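Asks: Quick one: the structure is below, and I'll ask about it shortly.
In the numbering used here, the protein residues as written are 3 to 566.
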C-alpha cells in the first residue's frame with residue numbers, strides 16, 4: 003500500500019528504472035494497488051517536493067543530501083516552461099573509472115546473494131499467462147460470441163492481454179502492451195461487442211491511449227458515459243471475479259474522480275451503486291482458492307483501503323472495512339495479514355509526518371515505531387504462511403529501514419522476495435533506497451548493487467534498468483536539467499545505464515516505451531546516442547513521456563534531430 007507514488011494518483015509514465023510500471027499517465031486515477039517502498043529524502047533540511055511519506059528513524063541527523071524526485075511523470079496541468087533558447091546537446095567526456103574486477107564482483111555476489119532462478123521465473127510468467135488466458139479466452143469460447151465474425155479478432159486481443167499480464171509490473175507499456183493495444187483496436191473495429199473487450203476498449207483506448215498524442219483527454223461527462231455502460235453490463239458479464247473486479251473497481255474510481263472534478267456529473271445514487279458493485283465482486287474474489295486469485299485479493303484490498311483513506315475514512319477504518327469482507331469470505335490468514343501489514347506501513351508514515359527529521363514530534367516518533375513493529379509481526383507471519391507470495395517479504399524492506407534494522411535483516415527479506423518471484427523489481431527498488439548514503443549505505447554500495455542488477459540480465463523484468471534513487475526524476479525538464487548532469491556524466495553511472503538500456507533494446511528492439519526513456523536519459527547525460535534513439539522511434543515516441551508537443555520537440559532539438 004506504500005509505494006513511490008500514491009495509489010490513487012494520476013497513472014505515471016513509469017519510473018526510469020523500468021518498473022514502476024503501472025499504467026501510463028491518463029486523465030484518470032491509477033487502478034493498481036501501490037506497494038510499500040521506502041519514503042524519500044529522510045534527512046535533508048531543504049524544502050521537500052510534495053511527497054506523501056518521507057520518513058526516517060528519528061535518531062537520524064539532518065544532512066545536506068538533496069531529496070530525490072518522483073518517477074518520471076509528465077506534468078499536464080502546469081508544465082514547466084521550456085527554455086526555447088537552450089543550446090543544442092553538448093557532450094562532455096565522463097570521468098574515467100576502472101570497472102570492478104571479476105574478483106570484486108564475485109565478492110559482492112557471495113556476500114549479498116541476488117537470487118535469480120530463471121526456470122522459476124519462466125514458470126511463474128507462464129502460470130500467470132495461462133491463468134489470464136483461461137479467465138478470458140477459456141470463458142469466451144463457451145459464449146455465443148465465439149461464433150461471431152469478429153471472434154478470431156477478440157481471441158487475439160484476449161491472448162495478447164494474457165501475454166501482458168504475465169508480467170508482474172510494466173503491464174501498461176512495452177511490447178506486450180503495444181501488441182495488446184493493436185489487437186484490441188482491431189477487435190472493436192471488427193464489430194466485437196463482448197463486454198470484456200468493450201471494457202478494455204474504454205480503459206486502454208478511449209481513456210489511456212499512448213498513440214493519442216497530445217490531444218486533450220475526454221471530459222468527465224464523456225468518461226462517465228463510457229463507464230456507465232461498463233457498470234450496466236457488469237451483472238451479466240460471465241467472466242470470473244479476477245476479471246470482473248477490475249471492471250467494477252475502475253468504474254468506482256472513475257465515478258468518484260469525475261464527480262470530484264465536475265460535481266453533478268453523476269446521477270443520483272450512481273457512485274453508491276458503483277461502490278456496491280465493487281464490494282460484491284471483491285467478496286467473490288476473496289472466496290477463490292487458487293494462489294493467483296488470492297494475490298489479486300491482496301492487491302485489490304490494499305487499493306481499496308488506500309482509496310478509502312483518500313476519501314476521508316482513514317487508514318485504520320478503511321482497513322477494518324476491507325478486513326471484515328475478507329473475514330466473511332473466509333480469505334486465508336496470510337491474505338488478511340498482508341493487507342494489515344501494508345496498511346500499518348502507511349499509517350506509520352502518516353503519524354511521523356511529511357517533514358524532515360527535525361520536524362518529527364515525540365508522539366509521531368512513537369507511533370512510527372509502534373505501527374512498524376506491528377507491521378513487522380503481521381508481515382513476518384504472512385510470509386511464514388505463504389512464502390511463495392512475494393508481497394510480505396518485499397514490504398519488510400521498508401519496515402527494516404524505518405526501524406533501523408541492520409543490513410543482514412534487510413538482505414534476508416530481499417532474498418526471500420526474489421526467491422518468491424525472480425522478477426520482483428519492486429524489491430530491488432526498495433533495497434536500492436536502503437543502500438542510499440542518506441539511509442544506511444554508501445555510494446559504493448549503490449554502484450555495486452546496480453552492477454548486480456545488470457548481471458541478472460533479466461531484461462523481461464527491467465531489473466538491469468534500475469537507476470540510483472538519488473537522481474531527481476520529478477519531470478522531464480528536471481531530469482534533463484543541470485541538477486543531474488554530474489550524476490549522469492559519472493562514468494560508472496552512465497556505463498551501467500547504457501549497458502542496461504542497450505542490452506534491453508537488443509532483446510526488445512520494438513519497445514517504444516523503453517526506447518523513449520533511453521532517448522531522454524541520453525539527453526540528460528549529454529550523449530550523442532540521443533539522436534540515434536529518437537530517430538529509431540521514427541516519429542512515434544511514447545507520448546505519455548512528454549507533457550506536450552513543445553516539450554517533445556525541445557528534446558528533439560537538444561538531441562540534434564530537430565527538423566528531421
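Built from N, CA and C at the ideal position, the CB exists for glycine as well. What you are looking at is a predicted structure, and each value in this text was computed from that prediction instead of being measured.
#1: Can you have a look at residue 508 and say buried or exposed, based on whether 16 or more other CB atoms are within 10 angstroms of its CB?
#2: For residue 210 and residue 107, I'd like the C-alpha separation in whole angstroms.
#3: Would you call the region 180 to 199 and the region 221 to 230 touching, i.e. three or more CB-CB distances under 8 Å?
#4: Could you give the distance in angstroms between the alpha-carbon of residue 135 and the alpha-carbon of residue 205?
#5: Run through DSSP, which three-state label would residue 524 get?
#6: Looking only at its own chain, which residues have a Cβ that is under 7 Å from the Cβ of residue 117, when we skip the five neighbours before and after it?
#7: Buried or exposed for residue 433, going by 16 or more other Cβ atoms inside 10 Å?
#8: Hey, out of 282, 283, 227, whose CA is closest to residue 261's CA?
#9: What's the gap between the Cα of residue 498 and the Cα of residue 390?
#10: If we call anything under 8 Å between Cβ atoms a contact, is residue 343 one with residue 397?
#11: How many angstroms separate the CA atom of residue 500 from the CA atom of residue 203?
#12: On the CB-based measure, 16 or more other CB atoms within 10 Å of its CB, does residue 178 come out buried or exposed?
#13: Quick check on residue 319: buried or exposed, where buried means 16 or more other Cβ atoms within 10 Å of its Cβ?
#14: Thinking residue 395 and residue 369 are a contact (beta carbons under 8 Å), I'd like their distance in whole angstroms, please.
#15: So what's residue 267 in DSSP terms, helix, strand or just coil?
#16: Taking buried to mean at least 16 other C-beta atoms within 10 Å of its own C-beta, is residue 400 buried or exposed?
#17: Could you check where the alpha helix (DSSP H) with residue 138 kicks off and where it finishes?
#18: Please classify residue 252: is it buried, with 16 or more other beta-carbons within 10 angstroms of its beta-carbon, or exposed?
#19: Between the C-alpha atoms of residue 488 and residue 482, what's the straight-line distance to the nearest angstrom?
#20: Any contact of the region 545 to 562 with the region 518 to 532, i.e. 3+ C-beta pairs under 8 Å?
#21: Please name the residue in 125, 316, 130 whose C-alpha comes closest to that of residue 296.
#22: Quick check: what's the CA-CA separation for residue 520 versus residue 457?
#23: Would the region 229 to 247 and the region 284 to 302 be scored as touching if the rule is three or more Cβ pairs under 8 Å?
#24: Could you check what DSSP says for residue 194 in three-state terms: helix, strand or coil?
#25: Decide if residue 313 is buried, meaning its Cβ has at least 16 other Cβ atoms within 10 Å, or exposed.
#26: Would you check if the region 331 to 346 and the region 372 to 383 touch, i.e. whether three or more CB-CB distances between them fall below 8 Å?
#27: By Cβ distance, which residues of its chain are closer than 7 Å to residue 166, with the 5 residues on each side in sequence left out?
#28: Going along the chain, which unbroken runs of the alpha helix (DSSP H) with 4 or more residues stay wholly within the region 411 to 492?
#29: Kindly indicate which residue of 137, 142, 126, 140 has the alpha-carbon position closest to the one of residue 170.
#30: Let me know if residue 191 comes out buried or exposed under the rule of 16 or more other beta-carbons within 10 Å of its beta-carbon.
#31: Would you give the residue range spanned by the alpha helix (DSSP H) that residue 229 belongs to?
#32: Residue 176 and residue 461 - do their beta-carbons sit closer together than 8 Å?
#33: Taking 7 Å as the limit between beta carbons, can you name the residues of its chain near residue 273, skipping five residues before and five after?
#34: Given residue 512, which residues of its chain have a CB within under 8 Å of its CB, disregarding the five upstream and five downstream residues?
#35: Which residue's Cα is closest to the Cα of residue 376: 364, 341, 358?
#36: Hey, could you find the ends of the alpha helix (DSSP H) residue 219 is sitting in?
Replies: Straight from the coordinates:
#1: Indexing the chain shown from 1 puts residue 508 at position 506. Classification of residue 508: exposed, given that the 10 Å Cβ count is below 16.
#2: Working through the chain shown from its first residue, we reach residue 210 at position 208. Working through the chain shown from its first residue, we reach residue 107 at position 105. Spanning the two alpha carbons is a distance of roughly 42 Å.
#3: no
#4: Translated into positions along the chain shown, residue 135 becomes position 133. Translated into positions along the chain shown, residue 205 becomes position 203. For residue 135 and residue 205, the distance between alpha carbons rounds to 19 Å.
#5: Against the chain shown, residue 524 aligns to sequence position 522. Correct three-state label for residue 524: helix.
#6: To locate residue 117, count along the chain shown from 1; it is residue 115. Cβ within range, chain order: 417, 420, 421, 424.
#7: Residue mapping note: residue 433 aligns to position 431 of the chain shown, counting from 1. Label assigned to residue 433: buried.
#8: Sequence index remark: in the chain shown, residue 261 carries index 259 (1-based). Per the Cα distances, 227.
#9: Here residue 498 corresponds to residue number 496 of the chain shown, with the count starting at 1. Here residue 390 corresponds to residue number 388 of the chain shown, with the count starting at 1. Taking the straight line joining both Cα atoms gives about 31 Å.
#10: For the purposes of this step, residue 343 is taken as residue 341 along the chain shown, with counting starting at 1. For the purposes of this step, residue 397 is taken as residue 395 along the chain shown, with counting starting at 1. Yes, the Cβ-Cβ distance between residue 343 and residue 397 is below 8 Å.
#11: Taking the first residue of the chain shown as 1, we reach residue 500 at position 498. Taking the first residue of the chain shown as 1, we reach residue 203 at position 201. If you take the alpha carbons of residue 500 and residue 203, they lie about 36 Å apart.
#12: Here the question's residue 178 lines up with position 176 in the chain shown. Buried, by the Cβ-count rule.
#13: On the chain shown, position 317 is the one that residue 319 refers to. Residue 319 is exposed by the Cβ-count criterion.
#14: The residue you call residue 395 lines up with position 393 of the chain shown. The residue you call residue 369 lines up with position 367 of the chain shown. Rounded, the Cβ-Cβ distance is 25 Å, inconsistent with contact.
#15: Reading the chain shown from its first residue, position 265 is the one you call residue 267. Residue 267 falls in the coil class under three-state DSSP.
#16: In the chain shown, counting from the first residue as 1, residue 400 sits at position 398. Residue 400 should be labelled buried.
#17: By one-based count along the chain shown, residue 138 stands at place 136. For residue 138, the enclosing alpha helix (DSSP H) covers residues 120 to 142.
#18: Within the chain shown, numbered from 1, the residue matching residue 252 stands at position 250. Looking at its Cβ environment, which holds 16 or more other Cβ atoms inside 10 Å, residue 252 is buried.
#19: Within the chain shown, numbered from 1, the residue matching residue 488 stands at position 486. Within the chain shown, numbered from 1, the residue matching residue 482 stands at position 480. Spanning the two alpha carbons is a distance of roughly 11 Å.
#20: yes
#21: The residue given as residue 296 occupies position 294 in the chain shown. Minimum Cα distance to residue 296 is reached at 130.
#22: By one-based count along the chain shown, residue 520 stands at place 518. By one-based count along the chain shown, residue 457 stands at place 455. Cα to Cα, the separation comes out at about 19 Å.
#23: yes
#24: Residue 194 sits at position 192 when you count from the first residue of the chain shown. Looking at residue 194 - three-state DSSP - the assignment turns out to be coil, as it is neither helix nor strand.
#25: For the purposes of this step, residue 313 is taken as the residue at position 311 of the chain shown. Flag for residue 313 reads exposed.
#26: yes
#27: Along the chain shown, read from residue 1 onward, the residue named residue 166 stands at position 164. Taken in chain order, the residues that qualify are 173, 178, 179, 182.
#28: Counting only runs that start and end inside the region 411 to 492, the alpha helix (DSSP H) elements of at least 4 residues fall at 427 to 436, 445 to 457, 478 to 481, 487 to 490.
#29: In the chain shown, residue 170 corresponds to position 168, counting from 1. Among 137, 142, 126, 140, the Cα nearest to that of residue 170 is on 126.
#30: For the purposes of this step, residue 191 is identified with residue 189 of the chain shown, where counting begins at 1. When all chains shown are included, residue 191 counts as exposed.
#31: Locating residue 229 in the chain shown gives position 227, where the first residue counts as 1. Where residue 229 is concerned, the enclosing alpha helix (DSSP H) stretches over 222 to 235.
#32: As a working note, residue 461 is residue 459 in the chain shown. As a working note, residue 176 is residue 174 in the chain shown. No, they are not a contact pair.
#33: The residue you call residue 273 lines up with position 271 of the chain shown. 257, 258, 261, listed in sequence order.
#34: The residue labelled residue 512 in the question sits at position 510 within the chain shown. Excluding positions up to five away in sequence, the list reads 177, 180.
#35: Within the chain shown, the letter at position 374 stands for residue 376. The shortest C-alpha separation from residue 376 is found at 341.
#36: Numbered from 1 along the chain shown, position 217 holds the residue referred to as residue 219. Taken as a continuous stretch (DSSP letters only), residue 219 belongs to no alpha helix (DSSP H), as it is neither H nor E.
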